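Be aware that the sequence shown starts at -18, since it is given in the working numbering, and climbs by one per residue. The C-beta atom is built at its ideal place from N, Cα and C for all residues, glycine as well. As the structure is a prediction and not an experimental result, all values here were calculated from the model. Inspection log for the structure reproduced underneath, given as structure tokens.
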Amino acid sequence: AWYARPATDFLPEDADLRGYARSEFEPETDIMDVWFYSGVSHLAVLRSGEWPELVKDGDTTPADLYVEGHDQYRGWFQSSLLTSVALFDEAPFEGVVTHGFVVDGSGRKMSKSLGNVIAPQDLIKRYGADILRLWVASVDYRDDDPISEEILTRCAEAYRKLRNTARYLLSNLYDFQPAEALPYGELHPLDRRVLRQTRKVARRVAEGYESYEFHVVYHSLLGFCTTTLSAFYLDVIKDRLYASPAASRERRSAQTALHRIARSLSTLLAPVLAFTAEEIWEGLPSPKEQSVHLERFEALEDLPEDSSSDPAWDRLMKLRDEVAVILEEARREKVIGSSLEGAIRIGGATALDGDLQATGLGLDGLADFFIVSGLSLSAPREKSARASGVYEGLTLAFAPAEGRRCDRCWKVTPEAVADGLCERCRRALGEAAA
């Protein structure tokens, strides 16, 4: 407008022209100072009157955020601050975020002469928009961040881990409706624990978004899916999901947890993986909002605040690691093919009493916790037993599980196996056929 319209359009009617006629004024087209012009952009935008939502208590509020490269501390950030303080005695922004620059895999600045420029649109065609968005979220943008085929391949692998975890959650909700969810207090102890872990991750992710630390969001969600879910929880609950009667409380408890985790994962991923999160959301059973982008974060804040059992769970997890070492040795020696072909003998088991009571797991749940077919708590100490490094006076020993393997649940049981099925599986199939 300044370059196209006459000066009379900009002169106020009551301007003191010092004796000059209005027609004698011409707009000056030379640039006085680029930093001055960019520095008063807050005056042209925030205080232009075109954004009434920025006016609060009769005054214009500063911008929530100014975002630019770290080279702008002496540039736009400074000129904006100086002009705003001079004119209005306040900063034009509530906060400032600075970022580095994208460099190639060797850390070199991208330039056409070096031939190392990577166009975002080319990456989107090859990998999809969500993987490029995930890479942006995975790096600490405050530094200069390298990008290469190798880096994007690793990012694609991380994406597949997130996606496959979500797919597994949804695949086990095919016959579940939210109305069938169990109250928190009636859930299996492991399901209650994983929901508390989900809430902890959700809080950390929300804090990451709030502080613009998107790499914290990325690492928190990836670690949760990889370590908490895939490496432990989803493995431990397979027996309840696949072998328990379809409408049993044991299975519904696991599905209740999976449903809440899937909802939470979808909402927490949405700001970064916009399309993938929508796919997850569409796969969830109704009722739900039409789009995940219309939903708030599923942070599970309705759960009771109770972390008193966490130390007990931590010790039991360490004990499980010790059992896993014993089972792996038996697998290497070809004594067993899978952990369900083994049993664990525990000596001095009274050392576990306090933690089993605190977690609510109980002795009956310990075999499933270890993913073995048998557990003996009264076996005498034997040469092959090894002392636990977690519980004083407790020993662990391996023994092959006794009995026959059920063709359905794969557990080895001393019970009579008719038609290849254990009593529990025959009962489950009978209920399904009824």
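Proximity of residue i and residue j at Cβ, strictly below 8 Å
| i | j | result |
| --- | --- | --- |
| Ala139 | Leu203 | yes |
| Arg180 | Leu284 | yes |
| Ala348 | Leu356 | yes |
| Thr237 | Leu163 | yes |
| Ala183 | Leu297 | no |
| Leu176 | Arg241 | yes |
| Arg375 | Leu333 | Note on residue identity: the sequence assigns Leu, not Arg, to residue 375. Closer than 8 Å, so yes. |
| Ala413 | Pro226 | yes |
| Leu495 | Thr41 | In the structure as shown, the chain starts at -18 and stops at 415, and residue 495 therefore has no counterpart that could be examined. |
| Ile105 | Trp116 | no |
| Ala(-12) | Pro8 | yes |
| Val273 | Ser247 | yes |
| Ala2 | His23 | no |
| Glu279 | Ser245 | yes |
| Leu168 | Leu239 | no |
| Arg301 | Phe351 | yes |
| Arg89 | Asn97 | yes |
Own chain, CB closer than 8 Å to residue i, minus 5 neighbours either side, in chain order
| i | result |
| --- | --- |
| Lys142 | Leu203, Cys206, Thr207 and Ser211 |
| Cys390 | Asp220, Tyr223, Ala224, Cys403, Arg405 and Cys406 |
Nearest candidate by alpha-carbon position, reference residue i, set the options
| i | options | result |
| --- | --- | --- |
| Ser234 | Ser369, Arg3, Glu188 and Gly166 | Gly166 |
| Ser192 | Thr146, Glu75, Thr10 and Gly0 | Glu75 |
| Thr146 | Phe213, Ala382 and Val393 | Phe213 |
| Ser19 | Ser369, Gly56, Thr10 and Gly329 | Gly56 |
| Ala197 | Ile218, Lys219, Leu239 and Val253 | The sequence as given places Val at residue 197; Ala does not occur at that position. Val197 has its Cα closest to that of Val253, out of Ile218, Lys219, Leu239 and Val253. |
| Cys136 | Asp124, Asp125, Ser119 and Asp126 | Ser119 |
| Glu130 | Phe17, Val84, Ser354 and Pro8 | Val84 |
| Val353 | Gln271, Lys392 and Asp125 | Lys392 |
| Gly318 | Ala382, Gly88 and Glu270 | Ala382 |
| Val316 | Ala380, Ala243, Asp388 and Ser369 | Ala380 |
| Arg11 | Val21, Gly30 and Tyr(-16) | Here the sequence assigns Asp to residue 11, which means Arg is not the residue at that position. Residue Tyr(-16) is the option with its Cα nearest to Asp11. |
Extent of the continuous alpha helix (DSSP H) run through residue i
| i | result |
| --- | --- |
| Tyr47 | First-last for Tyr47: Ala44 to Gly50, but that is the beta strand (DSSP E), not the alpha helix (DSSP H). |
| Leu434 | The question about residue 434 has no answer here: the residues shown for the chain are numbered -18 through 415. |
| Asp70 | No alpha helix (DSSP H) holds Asp70; DSSP gives it neither H nor E. |
| Leu300 | Asp291 to Arg313 |
| Pro(-7) | Segment: none, Pro(-7) is in no alpha helix (DSSP H) and carries neither H nor E. |
| Pro101 | Pro101 to Tyr108 |
| Val84 | Premise fails: Val84 lies in the beta strand (DSSP E), Val83 to Asp85, not in any alpha helix (DSSP H). |
| Ile242 | Arg230 to Leu250 |
| Leu222 | Lys219 to Ala224 |
| Tyr(-16) | Note, Tyr(-16): premise wrong, no alpha helix (DSSP H); not H, not E. |
| Ile261 | Ala255 to Gly264 |
| His196 | Phe195 to Gly204 |
| Thr179 | Pro170 to Glu191 |
| Ser22 | Ser22 to Val26 |
Same chain, Cβ closer than 6 Å to residue i, five either side skipped, listed in chain order
| i | result |
| --- | --- |
| Leu308 | Ser320 and Gly323 |
| Ala378 | Arg326, Glu363, Ser365 and Ala366 |
| Ala339 | Ser290 and Ala293 |
Residue span of the beta strand (DSSP E) that contains residue i, given as start and end
| i | result |
| --- | --- |
| Ile325 | Gly323 to Gly328 |
| Gly459 | This structure cannot settle anything about residue 459, because the visible part of the chain is limited to -18 through 415. |
| Ile128 | Asp126 to Ile128 |
Own chain partners of residue i with C-beta closer than 7 Å, once the 5 adjacent residues on each side are dropped
| i | result |
| --- | --- |
| Gln158 | Pro266 |
| Ser201 | Val182, Arg185, Val186 and Gly189 |
| Tyr149 | Leu215 |
contact_flag[the region 88 to 103, the region 62 to 79] where n(CB pairs < 8 Å) is 3 or more:
Contact fails: fewer than three Cβ-Cβ distances are below 8 Å.
At least three beta-carbon pairs within less than 8 Å, the region 74 to 83 to the region 30 to 48: Touching, yes, given that three or more Cβ pairs across the two stretches are closer than 8 Å.
Is it a yes or a no for the region 111 to 131 touching the region 242 to 262, going by three-plus beta-carbon pairs under 8 Å?
-> Yes: the two stretches touch, three or more of their Cβ pairs being nearer than 8 Å.
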